Amino acid sequence: MSGNGANRNIRRKRLAVARFWYEGNAFSPVKADMAAFDRHEWTSGVEALRAARSTATELGAVAAFAEENPQWEVVPLRCASALPGGPIEDAVFDRFAADVAAALADGCWSAVYLSLHGAAITRSREAPDLDLVRMVRGLLPHVPIGASFDLHANMAPAFALSLDVASVYRTHPHVDMAETAQRVLDGLMRCADGTLQTRRALRNDGVLLPSFNMRTRDGPMRELEDLAREATNGAILEVALFGGFPYADTVHTGASVLVVSDARRDPQGAQAAEVAETMTGHLHRLAPSFEVRLPSPQQAIAAALASARAGLIAVTDPADNPLSGGGCDTPGLFRALIHARGGVSCLFASFADPSVVAAARNAGVGRTIKVTLGARFGTDFGAGVPVVANIERLTDGAFRNVGPMETGVERGCGGSAVLIIRDQPAVRVIVTEQVIPADDPAFYTLHGIDPASLRLLCVKAKNHFRAAFAERCSDIIDCDAPGPACLDLTQLPFRNVRIPHEPSTRS
36 MSGNGANRNI RRKRLAVARF WYEGNAFSPV KADMAAFDRH EWTSGVEALR
86 AARSTATELG AVAAFAEENP QWEVVPLRCA SALPGGPIED AVFDRFAADV
136 AAALADGCWS AVYLSLHGAA ITRSREAPDL DLVRMVRGLL PHVPIGASFD
186 LHANMAPAFA LSLDVASVYR THPHVDMAET AQRVLDGLMR CADGTLQTRR
236 ALRNDGVLLP SFNMRTRDGP MRELEDLARE ATNGAILEVA LFGGFPYADT
286 VHTGASVLVV SDARRDPQGA QAAEVAETMT GHLHRLAPSF EVRLPSPQQA
336 IAAALASARA GLIAVTDPAD NPLSGGGCDT PGLFRALIHA RGGVSCLFAS
386 FADPSVVAAA RNAGVGRTIK VTLGARFGTD FGAGVPVVAN IERLTDGAFR
436 NVGPMETGVE RGCGGSAVLI IRDQPAVRVI VTEQVIPADD PAFYTLHGID
486 PASLRLLCVK AKNHFRAAFA ERCSDIIDCD APGPACLDLT QLPFRNVRIP
536 HEPSTRS
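Under our numbering, the first residue of the sequence shown carries the number 36, and numbering increases by one thereafter.
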């Protein structure tokens, strides 16, 4: 037999891949039903990798791994994600878990990679990510399992019992999704070939850290990341820092640390536990440094209009950020903008309201409509703002991210319209059929708008907006308005997270 023939008969290792990426906000009005996942991601098999190839995502890293490691058969099982929103319908998660379980039962596996967020919630489950990991471990008790997580995961200590390998995004904005997945895949390869066994320690004291001040370029999170990298040496393979996501409102909400060590050099896991304790001490020490105070929408707009800085100034509304569970619906920032009557070239991005887009489409470009912007989900965060507007542009809502976050990923917001406020023609508003973050330059290109031509950009966004726009803006001013991800947590009806009675800057 020839050498090539012999190689074909060598049994390939098999890697099962599943993805469940969702950030749940217990106060969000956005439904997390099957339609939400169908719109964003509900794939399996070769389709999952084909769509992800050459993208800066976890599955993009898996696609690259499959091409670079022909000795591995990579089998994508169910891969599902949706934009952050309210609790997932239980039937959706049950269907997802059943798909994964059935696929795992139908074959022999050398390793399993799970792309997770870590802050998912369903209507009846506080930690579906953990439930998934436990299910996989129960089905495959002796197979290496690895998982990647979002920096804002709420990590239950039980994760350390079921995972062999884990890592987390080390950047915020999250521009290292692919690199995080690659670290996990590298560890799984070593576990599968018998050169690595691990010990894990996970510590979560429920420390609440404001994500508004969690950017990793500088500040307290940069210091924590530097400390984590310094601690990653010798027997310590991974020091993963999690900032947590308070709005999930679960018993495991809060910042945490997961440490993975090499069992050959740390057989009892004592070193892993020691590093986890030390890093948790740093979390407690630096927690006050995360505290921030933000101006009101009125103050933020006034500061932007009074600024002497040349170029584009952005005012962000983090409380309605779609990537924190916002519905692109709260009216606070828009009302402040309209009342200011600043007279400068301005864009508001964006509201999500299918009825407004339908009215614009029915009227046509160049025509005038009377609509109410905001509060389609109700007036808990303020009443909508009635306007008369001219229709400047209609789109099909499809675009492809240019990055640097999730570069190459196809996105869609249904149909959309660009409106010009009739009595303030310097103000334009983007309205979409579906909730979508306005944090990628391609979103603005779709709507025929060059942000560089604007003086003021009011946007429902938080830190991820800075990945593409920090260098495009002369200033970015965050404000705190009423909304499902507001800065003052005392304004929200928490059940599990303990919030101080005094108004807090924690987020």
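By construction, the Cβ of each residue, glycine as well, lies at the ideal position given by its N, Cα and C atoms.
Everything numeric in this text was worked out from a predicted model, so none of it was measured.
Residue i, DSSP secondary structure in three states
| i | result |
| --- | --- |
| aspartate 221 | helix |
| valine 200 | strand |
| arginine 85 | helix |
| asparagine 248 | helix |
| arginine 530 | coil |
| leucine 382 | strand |
| arginine 205 | coil |
| isoleucine 336 | helix |
| serine 150 | strand |
| leucine 492 | strand |
| aspartate 523 | coil |
| valine 363 | Correcting the residue identity first, residue 363 is cysteine in this sequence and not valine. Coil, per DSSP. |
| valine 444 | coil |
| glutamate 103 | helix |
| glutamate 260 | helix |
| asparagine 134 | The amino acid at residue 134 is misidentified as asparagine; the sequence shows aspartate. Helix. |
| threonine 90 | coil |
| serine 390 | helix |
| glycine 181 | strand |
| threonine 587 | Here the chain covers residues 36 to 542 and nothing more, so residue 587 does not appear. |
| phenylalanine 128 | helix |
| leucine 186 | coil |
For residue i, the residue or residues it bridges with in DSSP
| i | result |
| --- | --- |
| glycine 59 | Gly120 |
| aspartate 513 | Thr351 |
| phenylalanine 277 | Ser291 |
| proline 323 | DSSP output for proline 323 lists no bridge partner at all. |
| aspartate 297 | Thr233 |
| cysteine 226 | Per DSSP, none; premise fails for cysteine 226. |
| tryptophan 77 | Ala115 |
| glutamate 108 | Arg49 |
| lysine 405 | Val423 |
| valine 466 | Phe386 and Ala452 |
| asparagine 239 | Ser291 |
| leucine 429 | Ala452 |
| arginine 435 | Glu445 |
Cβ-based burial, residue i [other Cβ within 10 Å; buried from 16]
| i | result |
| --- | --- |
| proline 421 | exposed |
| histidine 482 | buried |
| methionine 495 | Note that residue 495 corresponds to lysine in the displayed sequence, not to methionine. Label assigned to lysine 495: buried. |
| glutamine 217 | buried |
| threonine 414 | exposed |
| histidine 499 | buried |
| valine 147 | buried |
| asparagine 42 | Per-residue confidence for asparagine 42 stands at a pLDDT of 44, beneath the threshold of 50, marking its modelled position as unreliable; the derived number appears in the next sentence. Exposed, by the Cβ-count rule. |
| arginine 46 | exposed |
| histidine 187 | buried |
| lysine 497 | buried |
| asparagine 397 | exposed |
| alanine 393 | exposed |
| leucine 118 | buried |
| alanine 197 | Residue 197 is actually serine in this sequence, not alanine. Burial call: buried. |
| alanine 67 | buried |
Same chain, Cβ closer than 7 Å to residue i, five either side skipped, listed in chain order
| i | result |
| --- | --- |
| threonine 285 | Ile156, Glu161, Ala162, Asn189 and Asn531 |
| glutamine 469 | Arg74, Ala387, Cys448 and Gly449 |
| arginine 257 | Thr251 |
| threonine 585 | Nothing in the structure corresponds to residue 585, since the chain is present only between 36 and 542. |
| arginine 238 | Ser291, Val292, Ala311, Glu312 and Thr315 |
| alanine 236 | Ala195, Val294, Gly304, Ala307, Ala308 and Ala311 |
| alanine 410 | Asp364, Pro366, Gly417, Ala418 and Gly419 |
Neighbourhood of residue i by C-beta, 8 Å cutoff - its chain only, sequence neighbours within 5 removed
| i | result |
| --- | --- |
| arginine 428 | Val400, Ala452, Val453, His482 and Gly483 |
| threonine 267 | Glu273 and Val274 |
| aspartate 510 | Ala339, Ser342, Arg344, Ile348 and Ala349 |
| arginine 435 | Gly443, Val444, Glu445, Arg446 and Ala477 |
Neighbourhood of residue i by C-beta distance below 6 Å, restricted to the same chain and skipping five residues each side
| i | result |
| --- | --- |
| glutamine 232 | Ala298 |
| arginine 490 | Val379 and Ser380 |
| asparagine 39 | Reliability fails at asparagine 39, whose pLDDT of 40 lies under 50, so the model's placement of it is uncertain and the value that follows must be treated cautiously. Hits under 6 Å: none found. |
| glycine 241 | Gly289 |
| valine 52 | Val97, Pro111 and Tyr148 |
| leucine 262 | His317 |
| cysteine 508 | Leu347 and Ala349 |
(request) Examine the Cβ distances between the stretch 163–172 and the stretch 131–148 and report whether three or more of them are shorter than 8 Å. (result) yes
(message) With three or more C-beta pairs closer than 8 Å as the rule, is the stretch 150–162 touching the stretch 103–110?
(response) no
(request) Report yes or no: do three or more beta-carbon pairs, one from the stretch 196–210 and one from the stretch 245–257, lie closer than 8 Å? (result) yes
(message) Under 8 Å, with one C-beta from each stretch per pair, do the stretch 315–335 and the stretch 456–476 reach the 3-pair mark?
(response) no
(message) Check whether the stretch 176–184 and the stretch 297–316 touch, using three or more Cβ-Cβ pairs below 8 Å as the test.
(response) no
(request) State whether the stretch 351–370 contacts the stretch 513–523, with contact taken as three or more CB pairs (one from each stretch) at a distance under 8 Å. (result) yes
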